[in-house]
Amino acid sequence: MSSIDATIGRLPKAELHIHIEGSLEPELMFALARRNSVRLAYDSVEALRRAYAFTNLQDFLDLYYQGMSVLLREVDFYDLAMAYFRKAASQNVRYVEFFFDPQGHTARGVPFGTVMAGLSRAQADAEAQLGITSRMIMCFLRHLDEADAERTLDQALKYKDKITGVGLDSSENGHPPAKFKTVFRRARDAGFLLVAHAGEEGPPDYVWEAIDVLGVDRIDHGNRSLEDAALVKRIAADGLALTVCPLSNLRLCGVKDMKDHPLRRMLDAGLKVTINSDDPAYFGGYMNENFASVGAALGLSAEELTAVARNGFDASFMAAPAKQAALSAFDLAIRSSTA
Ligand code: ADE
Ligand code: ZN
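Next up, the structure:
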């Protein structure tokens with residue numbers, strides 16, 4: 027292992043952009059398919075992995091929604107989330123804000139409450155057994171209409187104490203943030219924090235809309251913001267963080283080569299950048315692999331990688347006292363590892 031990889035491994039990390047359904051590894055997918063008597067379109071783990079050759083976001087989403095079909099019962103959601111938490115803990119991830127896609131489940135007849143019960147039981151066990159704290163962010167699927175998102179928000183209100191934020195994901199092109207203006211306003215009024223995927227494949231205008239129309243507290247991806255100097259200035263001035271996902275961008279062909287990844291330019295522009303895994307089971311790596319891959323390609327120093335890891339805690343939705351404590355613990359860990 028190179029010394030920079032060892033440094034990355036030791037860094038305390040916060041993950042702010044992980045779709046829990048995107049952490050479903052093929053082995054677990056097949057195990058759950060057997061347990062639930064679900065037929066998959068592939069006859070082996072190897073055949074499924076071979077299909078993970080994507081040319082754009084939609085290619086991936088088609089397999090992602092198929093993969094979810096094995097998640098039926100409370101224990102399936104529990105096992106899914108616990109497998110992710112164990113992996114995250116092994117990489118020194120201390121804090122997680124994970125997305126889930128309720129409409130991907132309720133549309134298949136799985137009750138909202140079943141999803142919530144399994145995920146929240148895993149959160150409690152991850153905290154008790156692994157020392158990882160976490161929060162949930164519920165995403166609306168943007169390829170569906172706003173009325174569907176409204177019904178999903180209605181269901182979520184009952185779980186307000188368990189869900190920190192509301193987000194927007196799925197097929198970006200053709201589904202601008204403004205399509206969800208009313209439901210985001212309602213979510214804000216109900217006390218949810220707001221995020222949205224924007225500028226992953228979609229144009230800078232979608233990032234403007236996420237900021238000005240939805241009023242997001244953080245931007246997921248945001249890569250294409252760099253095409254618009256005024257937008258970059260605005261994001262920097264507002265101190266809005268970007269949750270960047272390097273291996274996802276490579277696998278979905280948003281960047282041709284990791285050496286072209288915009289993260290260096292984002293840092294140079296003074297943006298608050300975090301590194302995250304997005305859908306690690308599909309994109310070839312969890313947090314450490316994302317740090318290592320983009321770090322090596324862009325020649326990021328240990329100090330730069332440390333600053334980005336610290337941004338993960340700083341840009342989180344922790345309450346202020348917990349955030350202060352997490353940042354102090356982070357600084358102490360860095361001081362003692364470099365002493
Ligand atoms: N859902 C899961 N992963 C996603 C991504 N990278 N972009 C949009 N929607 C998603
Ligand atoms: Zn994402």
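Count along the sequence shown from 1, add 26, and you get the number used in my numbering. Beta carbons are placed, not taken as given, at the ideal position from N, Cα and C, and that holds for glycine. Treat the numbers as computed from the prediction; the structure is a model and nothing was measured.
* **Opposing strand residues paired with H45 [DSSP bridges]** => F125
* Asked: With a CB to CB cut of under 7 Å and the five nearest residues on each side skipped, what residues in its chain are close to H169?
  -> S196, S197, H201
* Can you give the Cα-Cα distance for R93 and M55, rounded to whole angstroms? -> The displayed chain sequence assigns Gly, not Arg, to residue 93. Each residue's alpha carbon lies about 7 Å from the other.
* Asked: In the DSSP assignment, what residue or residues form a beta bridge with I237?
  -> Answer by DSSP bridge pairing: none, since I237 is not bridged.
* Coarse secondary structure for L156, derived from DSSP in three states -> helix
* Asked: Is there contact here, the stretch 140-151 with the stretch 343-350, by at least three beta-carbon pairs under 8 Å?
  -> no
* Rounded distance between the beta-carbons of G321 and K298, thought under 8 Å -> Not a contact, Cβ separation roughly 18 Å.
* Near Q403, which residues of its chain fall below 6 Å by C-beta distance, leaving aside the five closest residues on each side in sequence? -> Here the chain covers residues 27 to 365 and nothing more, so residue 403 does not appear.
* Do you know whose CA, among I301, G191, A59, lies nearest V209's CA? -> G191
* Classify L97 as helix, strand or coil using the three-state DSSP reduction. => coil
* Whole-angstrom C-beta distance between L293 and E330, which should lie under 8 Å -> 7 Å
* Could you pull out every unbroken alpha helix (DSSP H) segment of at least 4 residues lying fully inside the stretch 215-295, listed in chain order? => As far as the stretch 215-295 is concerned, its whole alpha helix (DSSP H) runs of at least 4 residues are 230-235, 255-264, 272-277, 289-294.
* To do: Look at the Cβ atom of E227, then the Cβ atom of G280, and state whether they are nearer than 8 Å.
  => yes
* Through-space distance from E47 to Y68, alpha-carbon basis -> Roughly 18 Å separates the two Cα atoms.
* Between R212 and Y308, what straight-line distance do the alpha-carbon atoms span, to the nearest angstrom? -> 33 Å
* With a cut-off of 8 Å, do at least 3 Cβ pairs link the stretch 119-135 to the stretch 31-43? -> yes
* For ligand 1, is there a heavy atom less than 7 Å away from the beta-carbon of S196? -> yes
* Asked: Would DSSP call D105 helix, strand or coil?
  -> helix
* **G217 classed as buried or exposed, judged by whether at least 16 other C-beta atoms fall within 10 angstroms** => exposed
* Hey, quick one: how far does the beta strand (DSSP E) through G191 stretch, first residue to last? -> 189-195
* Anyone know if the C-beta pair for L268 and I245 falls short of 8 Å? -> At a Cβ-Cβ threshold of 8 Å, L268 and I245 count as neighbours.
* For L83, is the beta carbon positioned less than 7 Å from some heavy atom of ligand 1? -> yes
* Take the Cβ of T26 as the centre, count every other Cβ of all protein chains shown within 10 Å, and call the residue buried at 16 or more, exposed below. => There is simply no residue 26 to check, as the chain begins at 27 and stops at 365 in what is shown.
* Asked: What are the residues that DSSP puts in a beta bridge with F166?
  -> L194
* To do: Check whether the Cβ of Y68 sits closer than 7 Å to any heavy atom of ligand 1, and report yes or no.
  => no
* To do: From the DSSP output, in three-state form, read off D304 for me.
  => strand
* Cβ shell of R161 (< 7 Å), same chain only, five flanking positions each side left out -> These residues qualify, in order along the chain: E123, T190, F343.
* Work out the CA separation of R75 and P52 for me, nearest whole Å. => 7 Å
* Going by DSSP, name the residue or residues bridged to A40. => Y121
* To do: Helix, strand or coil for K186, going by three-state DSSP, please let me know.
  => coil
* To do: Out of I237, F317, V258, D286, state which residue places its alpha-carbon closest to the alpha-carbon of C271.
  => F317
* Applying the criterion that 16 or more other CB atoms from any shown protein chain within 10 Å of the CB defines a buried residue, is L167 buried or exposed? -> buried
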